[in-house]
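**Student:** Below is the structure I would like to discuss, written out as structure tokens.
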């Protein structure tokens, strides 16, 4: 401490590193004073620069240091091996009993943990000081009841629409509660959130959905989740029922948990029963359901429902149909199996032979694109050959290491591996064979071509009239693939044709020739339906389907109108208006500007086709995919946790939460999930390959 009086020069008190020495120095400076009258002196602390008046400088200085009011004093008292004295813990009572005699006696504090206790005790004192000096947060803004209700309503909407990204226990987090207090909102009652607010939001969403279904003349039932996806990030174990309306709106109806387990298959007869119950439960008039699209049971459940209800058109999901081609090629294309087997041989050598792996890592470490410090095998091994996402990741890892693998097998140290492991010679020959790499690239490209189409189908959600052009586009891409990699076209065409026939429905051909989007201009300037693009068998399918969808009395009239449509087509001006395209701002592709115009033309301009027009408007809006939206993995984990409790109240609460979240996602046309958005958010151009492999591997 530094001391000064008015007429005299200021004196300074040097503060040393330990408390006892500091106090003794202060006492010594003032112990010889003969004048007992208090003097007006000023003290300045050299540590914190605080200035204050004192009548008893010795006592004031020591208490300034002892009471913890000097923020910089404790930093000089950190325990070390050369100092065993410890400042006493600050407390009001100890300060009152403070005496110079106790300080001068150099009493030491012995702790049960020895010197190691000095650090934690110093931390304890520091915590006490912080608590004493901490200031409470200022009160939040004063909101009106209307503002509070509105804010809580928005927060509740966000909570449920997040679909499991935010858990119930998160609402009890201290920081969340502090935030609520800071912005002037009361704490959310979990009871209120899980019951009254949940019920209110559910009833509101359900009413909105039912009104739209009631106003629509007909609808298509969507059933998704029966079958595992070819490409995906895990199984939901949740079967979802939705409704497609003619105006393009998709509404959620309900969720079904198969047999209380995510992995149990549902018999076809039971699936058929569930679908029919959903139809009758959606609307009192079963005829309003003009069809079903599902990802499974085409040959059994869907076919039986069509036979029993002649007005229905039941389709299989094309997302599954096109994606299943990967499995078809893996079984029917010999090159596919050869490439995978060879890759597994190479991967097995480098992942199981430490010396070979060491050589590989040495060369990988010299490449800036690779990192071998995470304990991940440089060449991914695919254990499940039915998981085609993992196969893609494995092939990607190979193509990413072409140069490195060539360096490895030509390195002198690899000769030792050849002597020890009989597989090493065969592996070296394959790696040095350019034909092997051409085959790897061919199979990798094949998978990615099909996968790209699957992703496009999921994003664009094609209608039934687009199915024939979609498969023609697939055939063209596969033909180009055959030419590029010199693959015989015959076997590829047979595999595609076999899968096409499994998925084909007569409604594909019928909707294709009834959709004004596909009208073709002839030499006379007329816009006519593209019958010439159909095979003879497909033309018969059109006639048969049209007669099935109408009554016997209307069948003849329907065929006569079909002949008129074939010969006259649509007014050129309206045909061109329907076919106007614009660039999609998200994908950059050219798309039909007004997809609803195809149906609206039949309901307005083509009214003279009284029977055929009714068929057209019921066919043209039908979707060819059952994909609606995907659930978050975190939410599904919570859902199955609730189901394990087997509580009827809990199951009802889960159903309501799913309905609210799904209703919001479909309303906003959010068909992906939060995990995919996070992947896109953190992706960058520099590590696209790494991100692709990471997503595929999961």
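Residue numbers (the UniProt record's numbering): 1 to 698. Ideal Cβ placement from N, Cα and C applies to all residues, glycine included.
1) For residue 270, tell me which candidate among 454, 302, 421, 249 has the shortest Cα-Cα distance.
2) Relative to the ligand ADP, is the shortest distance from any of its heavy atoms to the C-beta of residue 266 smaller than 8 Å?
3) Where does residue 580 fall in DSSP's three states?
4) According to DSSP, is residue 623 helix, strand or coil?
5) Helix, strand or coil: how does DSSP classify residue 412 here?
6) For the beta strand (DSSP E) that contains residue 221, what are its first and last residues?
7) What number of angstroms, rounded off, separates the C-alpha of residue 564 from the C-alpha of residue 520?
8) What is the rounded straight-line gap between the Cα of residue 549 and the Cα of residue 226?
9) Between the Cα of residue 468 and those of 440, 515, 197, spot the shortest distance and give me the residue it belongs to.
10) Should residue 408 go down as buried or exposed, given a rule of 16 or more other Cβ atoms within 10 Å for buried?
11) Just checking my contact of residue 349 with residue 427 at CB under 8 Å: how many whole Å lie between their CB atoms?
12) At the level of alpha carbons, what is the spacing between residue 240 and residue 442?
13) Here's the rule: buried if 16 or more other CB atoms are within 10 angstroms of the residue's CB, otherwise exposed. What is residue 325?
14) Where does residue 154 land, buried or exposed, given buried means 16+ other C-beta within 10 angstroms?
15) Using DSSP's beta-bridge definition, name the partner residues of residue 463.
16) Comparing alpha-carbon positions, which option in 541, 619, 517 lies nearest residue 573?
17) What did DSSP end up calling residue 119 once you bin it into helix, strand or coil?
18) With DSSP collapsed to three states, give me the class of residue 146.
19) With distances taken between CB atoms, is the gap from residue 223 to residue 292 smaller than 9 Å?
20) State the CB to CB distance for the pair residue 346 and residue 392, rounded to an integer number of angstroms; the pair is presumed to be in contact (CB under 8 Å).
21) Do you know offhand how far residue 433's Cα is from residue 424's?
22) Would you call the segment 203-222 and the segment 168-185 in contact, with 3 or more CB pairs under 8 Å?
23) Can you tell me whether DSSP reads residue 444 as helix, strand or coil?
24) Starting from residue 327, follow the beta strand (DSSP E) in both directions and report where the run begins and ends.
25) I'd like to know if the segment 313-329 and the segment 414-421 are in contact, where contact means that at least 3 CB-CB pairs between them fall below 8 Å.
26) Buried or exposed for residue 483, please, with buried defined as at least 16 other CB atoms from any protein chain shown within 10 angstroms of its CB.
27) So the beta strand (DSSP E) residue 316 belongs to, where does it begin and stop?
28) Would you list the one or two residues that DSSP bridges to residue 528?
29) When burial is assigned at 16 or more other CB atoms within 10 Å of the CB, is residue 590 buried or exposed?
30) Keeping to the same chain, check which residues put their C-beta closer than 7 Å to that of residue 187; ignore five residues upstream and five downstream.
**Tutor:** Reading it off the structure:
1) In the chain shown, the residue the question calls residue 270 occupies position 270. The candidate whose alpha carbon is nearest that of residue 270 is 302.
2) This structure simply doesn't include the ligand ADP, nor any ligand for that matter.
3) Here residue 580 corresponds to residue number 580 of the chain shown, with the count starting at 1. The answer is coil: DSSP assigns residue 580 none of H, G, I, E or B.
4) Along the chain shown, one-based indexing puts residue 623 at 623. The answer is strand: DSSP assigns residue 623 an E or B state.
5) Position 412 of the chain shown, counted from the start, is the residue given in the question as residue 412. If DSSP states are grouped into helix, strand and coil, residue 412 belongs with coil.
6) Translated into the one-based positions of the chain shown, residue 221 becomes position 221. Under the DSSP assignment, residue 221 falls in the beta strand (DSSP E) whose first and last residues are 219-224.
7) Start at 1 with the first residue of the chain shown, and residue 564 comes out as number 564. Start at 1 with the first residue of the chain shown, and residue 520 comes out as number 520. About 16 Å.
8) In the chain shown, residue 549 corresponds to position 549, counting from 1. In the chain shown, residue 226 corresponds to position 226, counting from 1. Their backbone Cα atoms lie some 27 Å apart in a straight line.
9) To locate residue 468, count along the chain shown from 1; it is residue 468. Residue 515 is the option with its Cα nearest to residue 468.
10) Start at 1 with the first residue of the chain shown, and residue 408 comes out as number 408. Here residue 408 is buried. Its C-beta has 16 or more other C-beta atoms within 10 Å.
11) Position 349 of the chain shown holds residue 349. Position 427 of the chain shown holds residue 427. Correct: roughly 5 Å between the Cβ atoms.
12) For the purposes of this step, residue 240 is taken as the residue at position 240 of the chain shown. For the purposes of this step, residue 442 is taken as the residue at position 442 of the chain shown. Rounded to the nearest angstrom, the two C-alpha atoms are 37 Å apart.
13) Within the chain shown, residue 325 is the residue found at index 325, counting from 1. It is buried - the Cβ of residue 325 has at least 16 other Cβ atoms within 10 Å.
14) Translated into positions along the chain shown, residue 154 becomes position 154. Exposed, by the Cβ-count rule.
15) Counting from one through the chain shown, the residue named residue 463 turns up at place 463. Secondary-structure assignment with DSSP links residue 463 through a beta bridge to 623.
16) Residue numbering aside, residue 573 sits at position 573 when the chain shown is read from its first letter. Out of 541, 619, 517, 517 has the C-alpha closest to the C-alpha of residue 573.
17) Looking up residue 119 in the chain shown gives position 119. The answer is helix: DSSP assigns residue 119 an H, G or I state.
18) Numbered from its first residue, the chain shown carries residue 146 at position 146. Reduced to three states, the DSSP call for residue 146 is helix.
19) Numbered from its first residue, the chain shown carries residue 223 at position 223. Numbered from its first residue, the chain shown carries residue 292 at position 292. Their beta carbons are under 9 Å apart, which means residue 223 touches residue 292 by this criterion.
20) Your numbering for residue 346 matches position 346 in the chain shown. Your numbering for residue 392 matches position 392 in the chain shown. With a Cβ gap of about 17 Å, residue 346 and residue 392 do not count as contacting.
21) For the purposes of this step, residue 433 is taken as residue 433 along the chain shown, with counting starting at 1. For the purposes of this step, residue 424 is taken as residue 424 along the chain shown, with counting starting at 1. Taking the straight line joining both Cα atoms gives about 14 Å.
22) no
23) Indexing the chain shown from 1 puts residue 444 at position 444. Note: residue 444 maps to helix in three-state DSSP.
24) Reading the chain shown from its first residue, position 327 is the one you call residue 327. Where residue 327 is concerned, there is no enclosing beta strand (DSSP E), although the alpha helix (DSSP H) it sits in stretches over 325-332.
25) no
26) Counting from 1 along the chain shown, the entry for residue 483 is found at position 483. Residue 483 should be labelled exposed.
27) Locating residue 316 in the chain shown gives position 316, counting from the first residue. From DSSP, the beta strand (DSSP E) with residue 316 extends over 313-316.
28) What you label residue 528 is simply residue 528 of the chain shown in a count that begins at 1. By DSSP's assignment, residue 528 forms a beta bridge with 520.
29) Walking along the chain shown from the start, residue 590 turns up at place 590. Residue 590 is exposed by the Cβ-count criterion.
30) Translated into positions along the chain shown, residue 187 becomes position 187. Counting only Cβ-Cβ distances below 7 Å, and skipping sequence neighbours, we find 177, 180.
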